Amino acid sequence: GSAEENATKSTASSAAGRHAATYTVQEGDSLASIADSLGLDGGWRALYAENKDRIGVDPSNIAAGQTLDTGAE
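So the mapping is simple: my numbering equals the position in the sequence shown, first residue as 1, plus 44.
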């Protein structure tokens, strides 16, 4: 239990819990704006990869009210 070990543990737990597992698209959202607002590692490309089956071939084809998986555990 050194201070350094404790700091590492608290950083890891807060990083894991910083965003919800799903996000509901709002009017005017883009994958990039969602990824930025949630601070997602990998940005919009990671968000798109996580939701490609829901979004389809065009990453800009998201609709208000649509639920996206953020990749959070």
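Backbone N, C-alpha and C define an ideal beta-carbon position, used for all residues, glycine too. Here the structure is a predicted model, which means the values were calculated and not measured.
Whole-angstrom Cβ separation of residue i and residue j, contact assumed at under 8 Å?
i   : j    : result
A64 : D113 : Not a contact, Cβ separation roughly 10 Å.
Would residue i and residue j be called neighbours here (beta carbons separated by less than 9 Å)?
i   : j    : result
S81 : I106 : no
L91 : G115 : yes
L93 : G86  : What sits at residue 93 in the sequence shown is Ala, not Leu. In contact: A93 and G86 (Cβ atoms closer than 9 Å).
Mark residue i as exposed unless 16 or more other C-beta atoms lie within 10 angstroms of its C-beta, in which case mark it buried.
i   : result
A79 : buried
S58 : Residue confidence is low: S58 scores 42 on pLDDT, short of 50, so the model does not pin down where it sits. No coordinate-derived value is stated.
So the beta strand (DSSP E) residue i belongs to, where does it begin and stop?
i    : result
L112 : 111–113
May I ask which residues mark the beginning and end of the alpha helix (DSSP H) holding residue i?
i   : result
D97 : 87–99
A79 : 75–82
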